[in-house]
Structures are given as structure tokens and as C-alpha cells.
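Working notes, beginning with the structure itself.
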Amino acid sequence: MKIALTVNGLHVEAHYHDDEIEKVHKPLLQQLAKIHAAKPERRTIVFLSAPPGTGKSTLTTFWEYLSRQDADLPEIQTLPMDGFHYYNRWLEAHHLRACKGAPETFDVDKLAENLRLVRAGEATWPQYDRQRHDPVEHAVVVTAPIVIVEGNWLLRDDDRWRALAEFCDFSLFIRAPAETLRARLIGRKLAGGLSQAEAETFYERTDGPNVRRVLESSLPADLMLEMTPTGEYRMARP
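Residue 230 in this note's numbering sits at position 73 of the sequence shown, and the numbers go up by one each step.
Below is the structure:
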């Protein structure tokens with residue numbers, strides 16, 4: 158299936174094989190529907206954690222689409238974690254602007270408070286503005302009975318991030334070979350206009366360390382997906 162999606166304000170053409178949709182994506186959404194049906198009186202919160210380059214934002218937007226096509230599935234809404242970056246002025250004051258995207262550059266307390274509000278009922282969610290390179294508060298109204306919060310650090314194994322587990326009903330993780338992620342992330346920068354040398358330098362300085370930290374320092378998830386070198390997804394073997 159080829160499908161045009163709007164991902165973080167950008168138009169993306171995604172492709173998912175029919176076999177993958179039937180064996181991976183639809184069964185996963187059906188599993189989330191069962192989890193919600195067990196406690197339908199409150200919103201179900203799912204964490205999707207994965208390293209950069211795994212296509213998690215596009216994937217969760219595709220899941221939103223699938224949930225709207227099936228009358229037997231409750232609606233799903235994706236909530237990216239990027240809106241919880243500290244503002245640039247804070248990062249500059251704390252000498253962290255150069256490593257923006259690392260776990261230290263996110264306001265975890267603010268994320269926890271927003272998750273509490275999402276669980277309780279009516280809530281909004283900040284969105285990262287890729288033109289201003291800063292968060293925009295209250296940009297998204299949370300309406301769906303199932304929300305998927307997606308980001309790199311949601312399962313990070315340290316005290317600040319572990320505290321978020323109280324808000325999580327079900328967790329997902331996407332693993333992929335580090336060399337595949339490197340190729341995808343460098344390719345993304347090349348497509349954005351950087352030279353090969355600039356793209357490789359950016360990877361070594363920013364994306365590469367984040368990939369390693371996610372792969373090496375994440376807690377086990379309830380369910381793990383694998384991204385293949387060709388960009389397909391499958392259920393991970395135990």
C-alpha cells in the first residue's frame with residue numbers, strides 16, 4: 158500500500174506491504190483495542206520508544222489511518238514527544254543546544270504532568286515547530302481513547318525516565334541494526350541538502366550517539382518490533 162501521510166506537518170509518501178499490514182500492523186492495533194476494552198472508562202496510553210531512523214513518526218501516523226478505516230477499532234491518536242524539548246533559550250543557558258535531542262534536553266517533569274492530564278480526560282499536547290525549532294504549547298487537542306506517545310527516550314533506564322512508567326498501559330520498542338539506522342539517517346540529511354561530509358559529521362556528533370544510547374540503555378518493552386534493512390516491520394522473535 159502506498160499512502161500519502163502528513164507527519165509532523167510534512168507530507169510523506171509511505172509504503173507498507175499488504176502482508177506486513179495483515180501480519181503486523183492490524184494484529185497490533187487489535188491488541189491495543191483489547192487492552193482498552195479491559196478499562197474503557199479511561200484513556201489508554203501506549204509508549205512507543207525507538208532509536209532515531211526507525212520511522213516511528215510515520216508508522217504511528219499510519220496506525221492512526223488504519224484505526225479510522227476499521228469500524229471495529231477505537232480511534233488512535235499519536236502524540237510525539239518532541240514538544241517536550243526545553244526551549245532554545247534554556248538549552249543555550251545550560252550549554253546544551255549543541256546536543257539537542259539527547260535525553261538531557263527534554264523536560265521530563267512537564268511530560269509527566271501532561272501524561273497525567275491525558276490519563277485524566279480533557280487535555281492538550283505541545284507540538285515541536287520545525288520552522289521555529291521550539292515547542293508550541295497546547296497545539297494538539299487530545300481526543301482519542303487510545304494515544305500512542307512516541308519518542309526516543311520513553312523507556313530510558315534512568316530515574317527520571319523510569320518514573321513515566323506509571324502512566325503507561327502498554328509499551329512498544331522498535332529495534333534495528335545500527336548500520337541500517339546510520340545509512341537511513343545520513344540519507345535523510347543528504348535529502349535535506351547537506352553534503353556527504355556534513356551528513357556524516359552530523360551523524361557522528363548527534364544522531365549516532367543517540368542511536369547508541371537508545372539501543373544500549375532502554376528497558377524491555379511489552380512488545381518488540383524489528384525494522385529490517387529494507388525498512389519493513391515484523392514482530393520480533395523472543
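All C-beta atoms in this analysis are idealised placements derived from N, C-alpha and C, irrespective of residue type, glycine included.
Have a look at the DSSP bridge pairing and note the partners of H168. T163
Where the beta strand (DSSP E) through E307 begins and ends: Bounds of the beta strand (DSSP E) holding E307 are I303 to G308.
Starting from R391, trace the beta strand (DSSP E) in both directions and tell me its first and last residue. Y390 to M392
In terms of residue numbering, what span does the alpha helix (DSSP H) encompassing P184 cover? K183 to A195
Where in the segment 323–388 do unbroken runs of the beta strand (DSSP E), each at least 3 residues long, occur, reported from the N-terminal end onward? 327–332 and 380–384
Rounded to whole angstroms, what's the CA-CA distance from A378 to I178? Just pull it up for me. Taken atom to atom, the span from the alpha-carbon of A378 to that of I178 is near 21 angstroms.
Skipping 5 residues on each side, what residues in its chain have a beta carbon closer than 6 angstroms to that of G240? P283, Q284, Y285 and P292
Take the Cβ of D326 as the centre, count every other Cβ of all protein chains shown within 10 Å, and call the residue buried at 16 or more, exposed below. buried
For R313, which beta-bridge partners are listed by DSSP? Partner(s): S375.
Leaving out five residues before and five after I331 in sequence, what residues of the same chain have Cβ atoms less than 7 angstroms from its Cβ? A207, T211, K213, L382 and M384
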